[in-house]
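First comes the structure, then the notes that go with it.
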Amino acid sequence: MPSHGEKTGAIPVRATMQVNRILLPNKPHLDPIAALYVLGHYGAEQFPGIFEAQINFWSESRPPSAEELAQFKAQGVLLVDIAGGDFDHHANTSGVEESVTEIAGQFLGVQDKPELVALLNYIREDDLEGLHNRWGDLAYLLKNMYKQDIDQVEVVKYALQIINYFQMGQEQWFNETGQEYEEKSNILKIKGRGKNLKICVIESDNLQVANYAITVGKVSVVIQRRTSGHVMILTNKNHRIDLRDIVARIRARELELGGNTRPVDLNKLSFYGNSSQISNWFFHRSLNSFLNGSDALNKTAPTKLDTQEIVDIVTDCLTDRG
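Quick note on the numbering used here: the sequence shown kicks off at 248 and runs consecutively.
Pasting the structure below:
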């Protein structure tokens, strides 16, 4: 795994430490294992020996004493998620909850690397927000391995290998999708209700480019048209975009372009899902997205609206007129 040397200066970075042993909590969950991955992948120069070091586990019900901590330091023991150690989220006094993986990333100055976004978000959601533990989920799988008395070192090695495979895919995705995003996207900036919004307009058949725009580009809304003519309008969940007016106006225009001449009530067109009258658009509640077809619904008729009209509707509905 290559080492990257970026530093932000947010956390004082100490001198190089020769790592002879690694100490993790007993039966470590995913967060400290992911932190160890980040330290090795991005900090191998700063922590020589980290890949060859023996992994041990702190099984005491108490934190290490000051004398033990000093002894660990003298022996070249790297403490991850151990109270009083170098990478200990328990010691955070800022009032902002952080995972130990985030702390490790900040220490090395790599927390904003685009290819780490998905991993850091996943760890935060699992460790601090409890959003995972589903069937087939990596965090839950590790817990089940412990229940079966699988050796802890084997569990950690397994998790590190899975994270490495995932991150290799993330880096490939970042390089390929990022290049397409940079080359093809048109970014519009508008003043929304109480905040500035970025809208990405792009024509692409790459279904991951919208996710890239949201996670890396930090855009609020993505309008993506495929070469088939199908359009997806996706939103950044952190920006709390209200799509209801957009949904109603696009549906009204779809009806009009389809030959409807009767007056329509926009208030009745902002419903979730779809209808037999306007079956080619689906308002997805949980994703807060408006979809004209998808991979699963590939027989859906493409919209009759051109891209510019959709862009005009989106920007008009989201622009603050006050």
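The beta carbon of each residue, even a glycine, is placed where N, CA and C say it ideally should be.
Give the C-beta separation of residue i and residue j to the nearest angstrom, bearing in mind that I take them to be a contact with Cβ-Cβ under 8 angstroms.
| i | j | result |
| --- | --- | --- |
| Thr566 | Gly439 | 7 angstroms |
| Gly416 | Val463 | Actually they do not touch by this definition, with Cβ atoms about 15 angstroms apart. |
| Ile269 | Trp305 | Between Trp305 and Ile269 the Cβ distance is about 11 angstroms, and since that is not below 8 angstroms, they are no contact. |
| Val266 | Phe294 | 5 angstroms |
| Gly476 | Thr550 | 7 angstroms |
| Ala386 | Leu513 | 44 angstroms between Cβ atoms; not a contact. |
My output table needs one value for residue i: the three-state DSSP class, helix, strand or coil.
| i | result |
| --- | --- |
| Gly520 | strand |
| Arg240 | Outside the shown range of the chain, which is 248 to 569, sits residue 240, and nothing can be said about it. |
| Lys515 | helix |
| His531 | strand |
| Lys404 | helix |
| Ile258 | The pLDDT assigned to Ile258 is 37, lower than 50, so where the model puts this residue is not dependable, and the model offers no usable value. |
| Thr482 | strand |
| Val466 | coil |
| Thr566 | coil |
| Ser250 | Because Ser250 sits at a pLDDT of 33, beneath the cut-off of 50, its placement in the model cannot be relied upon, and the point is left open. |
| Lys438 | strand |
| Glu292 | coil |
| Ile446 | strand |
| Asn411 | helix |
| Asn422 | helix |
| Arg487 | coil |
| Gln265 | coil |
| Gln353 | helix |
| Gln358 | coil |
| Ala282 | helix |
| Gly505 | coil |
| Leu385 | helix |
| Thr547 | coil |
| Asp492 | helix |
| Leu552 | coil |
List the DSSP bridge partners of residue i.
| i | result |
| --- | --- |
| Lys394 | Answer is none; Lys394 lacks a bridge partner. |
| Val327 | Phe334 |
| Val561 | According to DSSP, which records beta bridges pairwise, Val561 is partnered with nothing at all. |
| Arg472 | Glu450 and Val478 |
| Asn433 | Val448 |
From which residue to which residue does the beta strand (DSSP E) around residue i run?
| i | result |
| --- | --- |
| Glu344 | Here Glu344 belongs to no beta strand (DSSP E), and DSSP marks it neither H nor E. |
| Phe537 | Ser536 to Leu538 |
| Asn303 | Gln301 to Trp305 |
| Arg268 | Arg268 to Pro272 |
Which two residues bound the contiguous alpha helix (DSSP H) that contains residue i?
| i | result |
| --- | --- |
| Val456 | Val456 to Thr462 |
| Glu315 | Ala313 to Ala321 |
| Asn368 | Val364 to Asp374 |
Say the cut is 7 angstroms; is the CB of residue i nearer than that to a heavy atom of the ligand GDP?
| i | result |
| --- | --- |
| Gly439 | Absence of the ligand GDP from the depicted structure is noted, as is the absence of any ligand whatsoever, leaving it without description. |
Contact the region 544-563 vs the region 461-477: 3+ CB pairs below 8 angstroms:
yes
Taking contact to mean 3 or more Cβ pairs, one atom from each stretch, closer than 8 angstroms, check whether the region 367-374 and the region 390-400 are in contact.
no
Are the region 530-544 and the region 425-444 in contact at 8 angstroms, needing three or more beta carbon pairs?
no
Inspect the CB distances between the region 278-290 and the region 345-354 and report whether three or more fall short of 8 angstroms.
yes
Spell out a yes or no on whether the region 479-498 and the region 526-540 are touching, meaning 3 or more CB-CB pairs, one atom from each, closer than 8 angstroms.
yes
Does the contact criterion of 3 or more C-beta pairs under 8 angstroms hold for the region 493-502 versus the region 514-527?
yes
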